[in-house]
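Asks: For reference, the structure I am asking about is given below.
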Amino acid sequence: MSSTATEYLATDDLTILLGLIAATVFLLNNLYKPQPLVHPILLGRQSDVGRVRNPGESATYRNYGTGLMGRFPLRPSKDVHILADLVRSETENARTLWSTRLTNRTLQDRVASFGTGLLRLAGLKPQQSTVLVLLNDGLEFIISDLALASHSILSHTLSSSKLLSRVLESFPPDAIIIHVSLLSALLELIYDGDRTGNQTIIVVGETTPKDMASVASNIKVLNFAEVEREGVRVAKINSTLPNPSDVFTVSFYETEAGHVQGAQLTHENLTAGVAAVRALFPLSHALSPLDTLVSAHSLSTAYGRAVAYTAIFEGTSFASLESSKVYHAEETTVEIDVKDTLSSKVYPIPSPTILFAKPGHLESTVTAIIRKASESFILYPFARRHKVASLNEGFVTKESLWDRLVFDGARAKIIGEGAGSLRGVVVSGGPLNAAILTPARIALSIPLINTFTHPLVPGPILASHPLDLQDFPGLKDALVAHVGPPSVNIEAKLVGLNDEKVENGADPTGNLLVRGPSVGKLLGNDDYVSIPTDDDKEGWVALDVKAKVQSNGAFKILS
Numbered sequence: 001m002s003s004t005a006t007e008y009l010a011t012d013d014l015t016i017l018l019g020l021i022a023a024t025v026f027l028l029n030n031l032y033k034p035q036p037l038v039h040p041i042l043l044g045r046q047s048d049v050g051r052v053r054n055p056g057e058s059a060t061y062r063n064y065g066t067g068l069m070g071r072f073p074l075r076p077s078k079d080v081h082i083l084a085d086l087v088r089s090e091t092e093n094a095r096t097l098w099s100t101r102l103t104n105r106t107l108q109d110r111v112a113s114f115g116t117g118l119l120r121l122a123g124l125k126p127q128q129s130t131v132l133v134l135l136n137d138g139l140e141f142i143i144s145d146l147a148l149a150s151h152s153i154l155s156h157t158l159s160s161s162k163l164l165s166r167v168l169e170s171f172p173p174d175a176i177i178i179h180v181s182l183l184s185a186l187l188e189l190i191y192d193g194d195r196t197g198n199q200t201i202i203v204v205g206e207t208t209p210k211d212m213a214s215v216a217s218n219i220k221v222l223n224f225a226e227v228e229r230e231g232v233r234v235a236k237i238n239s240t241l242p243n244p245s246d247v248f249t250v251s252f253y254e255t256e257a258g259h260v261q262g263a264q265l266t267h268e269n270l271t272a273g274v275a276a277v278r279a280l281f282p283l284s285h286a287l288s289p290l291d292t293l294v295s296a297h298s299l300s301t302a303y304g305r306a307v308a309y310t311a312i313f314e315g316t317s318f319a320s321l322e323s324s325k326v327y328h329a330e331e332t333t334v335e336i337d338v339k340d341t342l343s344s345k346v347y348p349i350p351s352p353t354i355l356f357a358k359p360g361h362l363e364s365t366v367t368a369i370i371r372k373a374s375e376s377f378i379l380y381p382f383a384r385r386h387k388v389a390s391l392n393e394g395f396v397t398k399e400s401l402w403d404r405l406v407f408d409g410a411r412a413k414i415i416g417e418g419a420g421s422l423r424g425v426v427v428s429g430g431p432l433n434a435a436i437l438t439p440a441r442i443a444l445s446i447p448l449i450n451t452f453t454h455p456l457v458p459g460p461i462l463a464s465h466p467l468d469l470q471d472f473p474g475l476k477d478a479l480v481a482h483v484g485p486p487s488v489n490i491e492a493k494l495v496g497l498n499d500e501k502v503e504n505g506a507d508p509t510g511n512l513l514v515r516g517p518s519v520g521k522l523l524g525n526d527d528y529v530s531i532p533t534d535d536d537k538e539g540w541v542a543l544d545v546k547a548k549v550q551s552n553g554a555f556k557i558l559s
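Next up, the structure:
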């Protein structure tokens, strides 16, 4: 080797040191870079797509986990066939439902007692009578719902109090279950409607002489507690068990066009809805009796019922937010914000772990946390930059250094003691602004699921993957967050497509149709219920929404 070459290869200590530093930084950057929590291939193919499609229609989409040939889950476990089976007697641990701590056996005893009392005191007849349930979320609603369903007595519920007059007029019930604070308003409505037939009203709460003074002679008022005590005193009455295909409730709701529609829900619809709610969470983070579920969705709606019965099936504690109330003694407006998110703490439940919220809850809570965290004006920019870098790698955690330094304190100030226990948020009930997703993942640093629901379907229809951390700010329709693929027991397709655009590579855009075991049927009434004409012999049901499906199989609701 020549002396010139030796001179080029000569190194001093500084060069060696810099080389070692560069190698160390390279290795540390690769070794300590967070790994994605879900494989990118799974996020790139979230739906299984049918091989063929009809003109003007998209192909059929199914959840990738179910597959095109997979069987839809009809129930959360093989022993669950009807509503009563969701209360598992083998589960012995007590949990808190709203303000009451009880075991499943106690709940089953109270349901059996109340059902017997209804048959004896209210004169209701299995498979014939109907009962209108005008209760806000609470244990009395669950007891009433289970008791009526066990005796095949059809229940009616309303998603809005303003539907009461029209439903009473078209579907007069044999009995009404109502809270005492609403009794006088109900009696006034009955008298104004000139409904002269005999009426039975079961009242939750203690009545006063003032309440009873306006009760007409043809109206029989019973106390909820008295009806339950009657069932305790005598032998329990057991009716013939219903079939899973039997309709046990009709949930009335109003469309955007002002039409009133009734969703007929069978036992199978609801058990399939519970199975779909449970499937929102991956097996590694599945629901357990250690969880506490809090919901902003009324039990008078199909989805709210599915969430509540999921909690009952899992043996978790459960409570509702203030905004879930349908009926108010006085005219009032509940703001869907941080204060409403904290309203579940009026109940003596453990700290919430899963929150079923509406978009307003998420947006207000995230905004407040980010505002509080940004008060640490020196550390916050660094913390945010590192959190964004982790999100870009598909990784999210609230156990990082930056969480301990910046975000933990901000969460505690806004959410309170639930900041440490909260491990998942499920958003539904309206369009979610896509711009809030990244701030939400920074502020909360927990799995976030965006879902699409409908009054006709217990459980989610479309739901995003909890660990899908992708963000697409440059797209034209990026204002609205995607709602993921169909849930585990839903098939979806779009109709009214522009075939030429689809053939040229455009994403299919059209009206959304769905089918599956959790999809209910509409109650027909020519007087005021508008029946969609898109239902066909194959069981597809039109939901009156326009949607777009992306190339990865995730849907967006456009209108």
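One point on numbering: in full-length UniProt numbering, the residue at position 259 of the sequence shown is 259, and numbering is uninterrupted.
All C-beta atoms, glycine included, are put in the ideal place defined by N, C-alpha and C.
What you are looking at is a predicted structure, and each value in this text was computed from that prediction instead of being measured.
Pick helix, strand or coil for R101, following the three-state DSSP scheme.
Replies: As a position in the sequence shown, residue 101 is number 101, starting the count at 1. The answer is strand: DSSP assigns R101 an E or B state.
Asks: Who does E57 pair with in a DSSP beta bridge?
Replies: For this step, residue 57 is matched to residue 57 along the sequence shown. Partner(s): V495.
Asks: Could you say which of L437, E500, K493 lies nearest to V480 if we only look at CA atoms?
Replies: Taking the first residue of the sequence shown as position 1, residue 480 is located at position 480. Of L437, E500, K493, the residue nearest in Cα terms is L437.
Asks: Hey, would you say I178 sits closer than 8 angstroms to L168, going by beta carbons?
Replies: What you label residue 178 is simply residue 178 of the sequence shown in a count that begins at 1. What you label residue 168 is simply residue 168 of the sequence shown in a count that begins at 1. Result no, Cβ atoms of I178 and L168 do not sit closer than 8 angstroms.
Asks: On the criterion of 16 or more Cβ atoms from any shown chain inside 10 Å, does T106 qualify as buried, or is it exposed?
Replies: As a first step, residue 106 must be located in the sequence shown, where it is residue number 106. The residue in question, T106, is exposed, as its Cβ has fewer than 16 Cβ neighbours within 10 Å.
Asks: At what residues does the beta strand (DSSP E) containing T266 begin and finish?
Replies: Here residue 266 refers to the residue found at position 266 when the sequence shown is read from its first residue. Per DSSP, the continuous beta strand (DSSP E) segment holding T266 begins and ends at 260–266.
Asks: Within a Cβ cutoff of 8 angstroms, which residues of the same chain sit near V52, ignoring the five residues on either side of it in sequence?
Replies: Locating residue 52 in the sequence shown gives position 52, where the first residue counts as 1. Residues of the same chain with a CB within less than 8 angstroms of the CB of V52, apart from the 5 flanking positions on each side, are A59 in chain order.
Asks: Write down every uninterrupted run of the beta strand (DSSP E) in the stretch 326–365 whose length is 3 residues or greater and which is fully enclosed by it, in chain order.
Replies: 354–357
Asks: Suppose only complete runs of 3+ residues qualify. What are the beta strand (DSSP E) ranges in the stretch 442–470, listed by chain order?
Replies: 448–454, 457–463
Asks: Starting from the Cα of V514, find the closest Cα among W540, K521, L523 and give me that residue.
Replies: In the sequence shown, residue 514 corresponds to position 514, counting from 1. Looking at W540, K521, L523, the one whose alpha-carbon comes closest to that of V514 is W540.
Asks: If you follow the alpha helix (DSSP H) that S150 is part of, which residue opens it and which one closes it?
Replies: Here residue 150 refers to the residue found at position 150 of the sequence shown. It spans 139–150 - the alpha helix (DSSP H) in which S150 sits, taken as one unbroken run.
Asks: Name the residue from S364, N450, N392 whose alpha carbon lies nearest to the alpha carbon of R411.
Replies: Counting from one through the sequence shown, the residue named residue 411 turns up at place 411. For R411, the nearest C-alpha among the options comes from S364.
Asks: Suppose the cutoff is 6 angstroms on Cβ atoms and the five residues either side in sequence are ignored; what does the same chain contact list for L97 look like?
Replies: Here the question's residue 97 lines up with position 97 in the sequence shown. Excluding sequence neighbours, L97 sits near L139, F318.
Asks: Taking the alpha helix (DSSP H) that T306 falls in, what are its first and last residues?
Replies: Looking up residue 306 in the sequence shown gives position 306. According to the sequence as given, residue 306 is Ala; it is not Thr. 302–314 is the extent of the alpha helix (DSSP H) around A306.
Asks: Would you check if there are 3 or more beta carbon pairs closer than 8 angstroms linking the stretch 419–426 to the stretch 355–375?
Replies: yes
Asks: Buried or exposed for E314, going by 16 or more other Cβ atoms inside 10 Å?
Replies: Counting from 1 along the sequence shown, the entry for residue 314 is found at position 314. Buried, because 16 or more other Cβ atoms sit within 10 Å of the Cβ of E314.
Asks: Just to confirm my understanding: we take L321, look at its own chain, exclude 5 residues before and 5 after, and list those with CB closer than 6 angstroms. What are they?
Replies: Your numbering for residue 321 matches position 321 in the sequence shown. Closer than 6 angstroms at Cβ, skipping near neighbours: A296, D340, S343, S344.
Asks: Going by DSSP, name the residue or residues bridged to A373.
Replies: Position 373 of the sequence shown, counting from 1, holds the residue named residue 373. Note: A373 sits in no beta bridge, so no partner.
Asks: Determine which residues share a DSSP beta bridge with P439 and list them.
Replies: Residue numbering aside, residue 439 sits at position 439 when the sequence shown is read from its first letter. In the DSSP output, where bridge partners are listed per residue, P439 has none listed.
Asks: Rounding to the nearest angstrom, what Cα-Cα distance links L299 and V326 in this structure?
Replies: Counting from 1 along the sequence shown, the entry for residue 299 is found at position 299. Counting from 1 along the sequence shown, the entry for residue 326 is found at position 326. Their backbone Cα atoms lie some 9 angstroms apart in a straight line.
Asks: Roughly how many whole angstroms lie between the Cα atoms of R229 and V203?
Replies: Translated into the one-based positions of the sequence shown, residue 229 becomes position 229. Translated into the one-based positions of the sequence shown, residue 203 becomes position 203. Each residue's alpha carbon lies about 14 angstroms from the other.
Asks: Taking 8 angstroms as the limit between beta carbons, can you name the residues of its chain near V307, skipping five residues before and five after?
Replies: Within the sequence shown, the letter at position 307 stands for residue 307. The residues are V277, L293, S295, H297, F356.
Asks: Rounding to the nearest angstrom, what Cα-Cα distance links P40 and F452 in this structure?
Replies: Counted from its first residue, the sequence shown places residue 40 at position 40. Counted from its first residue, the sequence shown places residue 452 at position 452. Looking at the two C-alpha atoms, the distance is approximately 23 angstroms.
Asks: Using three-state DSSP, classify H482 as helix, strand or coil.
Replies: The count along the sequence shown starts at 1 and reaches residue 482 at position 482. It is coil, neither helix nor strand.
Asks: When we look at the beta-carbon of F26 and count the other beta-carbons within 10 Å, is it buried (16 or more) or exposed?
Replies: Position 26 of the sequence shown, counting from 1, holds the residue named residue 26. Classification of F26: exposed, given that the 10 Å Cβ count is below 16.
Asks: Using CA atoms only, rank isn't needed, just tell me which of V549, T255, L135, E500 is closest to residue 562.
Replies: Given that the chain is displayed from residue 1 to residue 559, the structure contains no residue 562 and the question cannot be resolved.
Asks: I'd like the list of long-range same chain contacts for S559, defined as Cβ closer than 7 angstroms, with 5 residues on each side in sequence excluded.
Replies: Position 559 of the sequence shown, counted from the start, is the residue given in the question as residue 559. These residues qualify, in order along the chain: V545, K546.
Asks: So what's R45 in DSSP terms, helix, strand or just coil?
Replies: The count along the sequence shown starts at 1 and reaches residue 45 at position 45. Coil at R45, not helix or strand.
Asks: Would I153 pass as a contact of P126 if the rule is Cβ separation under 8 angstroms?
Replies: Counting from 1 along the sequence shown, the entry for residue 153 is found at position 153. Counting from 1 along the sequence shown, the entry for residue 126 is found at position 126. In this structure, I153 sits near P126, with a CB-CB distance shorter than 8 angstroms.
Asks: Which same chain residues, not among the five before or five after E384, have their C-beta less than 7 angstroms away from its C-beta?
Replies: Taking the sequence shown and counting its residues from 1, the one referred to as residue 384 is at position 384. One point to set straight first is that residue 384 is Arg, not Glu, in the sequence displayed. Result list for R384: I442, in chain order.
Asks: Exposed or buried, L18, counting other C-beta atoms within 10 Å across all chains shown (16 or more means buried)?
Replies: Against the sequence shown, residue 18 aligns to sequence position 18. Exposed is the call here.
Asks: Just grab the DSSP bridge partners of A122 for me.
Replies: For the purposes of this step, residue 122 is identified with residue 122 of the sequence shown, where counting begins at 1. A122 pairs with nothing; no bridge assigned.
Asks: Would the stretch 262–273 count as touching the stretch 243–251 if we require 3 or more Cβ pairs under 8 angstroms?
Replies: yes
Asks: How should A311 be labelled, buried or exposed, when 16 other C-beta atoms within 10 angstroms of its C-beta is the threshold for buried?
Replies: Counting from 1 along the sequence shown, the entry for residue 311 is found at position 311. By the 10 Å Cβ count, A311 comes out buried.
Asks: Are the C-beta of E140 and some C-beta of chain D separated by less than 8 angstroms?
Replies: Although the question refers to chain D, the structure presented lacks it and comprises just one protein chain.
Asks: Could you pull the start and end residues of the alpha helix (DSSP H) that R166 belongs to?
Replies: The sequence position of residue 166 within the sequence shown is 166, counting from 1. R166: member of the alpha helix (DSSP H) spanning 164–170, first to last residue.
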